[in-house]
Amino acid sequence: MSYLERLKEVKKGDMGPLYLMYGTETYLMEDLIQRLTNSALSPEEQEMNLLRFDMTEQPVDLAVEEAYTFPFMGGKKVVIIKDAYFLTAQKNREKVEHDTAKLAAYTENIPEETIMIVSAPYEKLDERKKLVKQLRKAGRILEAKPLQSGELRKWLDEKAFELQVSIDDRAKERLLTLAGDNLLMLTSEMNKLAVHAGTSGIIQEEAVKELVTRSLEQDIFALVDYVVKADVSSSMRIYRDLIKQKEAPLKILALMVRQFRILYQVKQLAQQGYGEKMIASRLKLHPFAVKLAAKQSRSFQAEMLLQLLDDLADLDYRIKTGKVSEELGVEMFLLARSRSVQKRT
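Below, the structure is given as structure tokens:
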């Protein structure tokens, strides 16, 4: 079940006694764990009846034993098992010995007063393991994977509702373009925008443009976009802003290479009939990043992208062999590319 669906359950007070959470989007796991904890226990109860066990430092059998003890002063108890790497195909990397048979037995005899949360921040579990099958059968599952484009927008709506504001569609698009898909960053920006919304209670595009801090990756995305559009003044403005922010020209160059390579790969796979979800999986990119790259790549022919990559490789060589300075070399590339694009249009 998805994060948004699990979130609805918690908000309704519908909580199970056992949860298995895994995936690479750790923000979603931590957020749901916090919401479950806050729903089950008051701040005072959390001091006595909230227990966390790190599997890289403590044995799982200790957590199971604690889960069977009655909560202090009655009520509920929450037991969190963190980094359950023994559910994956990884070999034992720690000195801690885990009696996983006790956790397996727990799945068949779960106390009503305890909520146990088993989290494994890994892309995949080892589905061949009996323990994984038992946890799946007995518990509620959250696969914390990156949110798809539509899910990101629903997530923003949910966050706005919690902050007692609303966010219009143009503002959402602008926010995702500027801040990307980093949920921690989006949360921070939404908190800031909600305060700015004031009595109107509406987050609008102008506020996003004024207040949201651009990430380095988004600056590079915009920089590449302006090169495509032959917008010399805008591309140079972003480049000089990055230099003022003490970003190294070689780092900017490397990120541009990465972005152009992504554009080429996305374009090639799309032409072969792959959908955005499959492309994201093959390239190990966030689905939203693929969506933006697919849109941006339409402005380029594949041959042009290869030429750009060749030009950037040549520039990298000339910089590293001392034939041109870092800052001037990248600046000359931006000017030359923008002008050559302008000549063709």
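If you count by the UniProt record's numbering, then the sequence shown holds residues 1 to 345, one letter each, in order.
The beta-carbon is built from N, C-alpha and C at its ideal position, and this holds for glycine as well.
Coil, strand or helix - residue i by DSSP
i	result
E143	strand
A207	helix
K82	strand
L20	strand
residue 379	Residue 379 lies beyond the range of the chain shown here (1 to 345); nothing can be said about it.
A222	helix
A120	strand
R174	helix
T345	Caution applies to T345, whose pLDDT of 47 falls short of 50 and renders its modelled position unreliable; the value that the coordinates give is listed next. Three-state result, T345: coil.
P43	helix
E108	coil
Y27	helix
D316	helix
K133	helix
K91	coil
T321	coil
K229	coil
F72	coil
E97	coil
K244	helix
Best match in the options for proximity to residue i [C-alpha to C-alpha]
i	options	result
K251	M185, D316 and E173	D316
K291	A302, Y274, L305 and E303	Y274
M278	Y68, T100 and Q148	Q148
K130	G201, A105, N182 and E143	A105
L163	S200, T177, M48 and G75	S200
K8	E158, K102, L20 and A289	E158
A241	A254, T213, V266 and S42	The question names Ala, but residue 241 in the sequence shown is Asp. Minimum Cα distance to D241 is reached at T213.
K267	M190, A293 and L335	A293
T177	A289, L51, V232 and L103	A289
L36	P121, V10 and E5	V10
L211	S233, L41 and L186	L186
P17	Q58, A270, K137 and P121	K137
Q265	K284, L50 and Y22	K284
R170	G139, K102, P146 and I202	I202
Q58	A222, E205, I262 and Y85	Y85
V165	V118, G150, K145 and Q204	Q204
Alpha helix (DSSP H) segment containing residue i, residue limits
i	result
D157	S149 to E162
L292	P287 to S297
E57	It is not in any alpha helix (DSSP H) - E57 carries neither H nor E in the DSSP assignment.
K267	P249 to Q271
H196	L183 to A197
R6	Y3 to K11
For residue i, the residue or residues it bridges with in DSSP
i	result
T114	K77
Y239	DSSP, once it has assigned bridges, lists no residue as partnering Y239.
S166	I202
Residue environment, residue i, which counts as buried when at least 16 other CB atoms sit within 10 Å
i	result
N38	exposed
V228	buried
M55	buried
G198	exposed
Y95	Just to set this straight, residue 95 is Lys in the shown sequence, not Tyr. K95 comes out exposed.
T114	buried
A179	buried
N109	exposed
V64	buried
D310	exposed
F70	exposed
D191	A quick correction: the sequence has Asn, not Asp, at residue 191. With fewer than 16 other Cβ atoms within 10 Å, it is exposed.
M332	exposed
R318	exposed
K82	buried
E143	buried
L183	buried
M116	buried
Q245	exposed
residue 360	No statement about residue 360 is possible, as the shown extent of the chain runs from 1 to 345 and does not include it.
F300	buried
G23	buried
S297	buried
Residue interval of the beta strand (DSSP E) (run including residue i)
i	result
F53	L50 to D54
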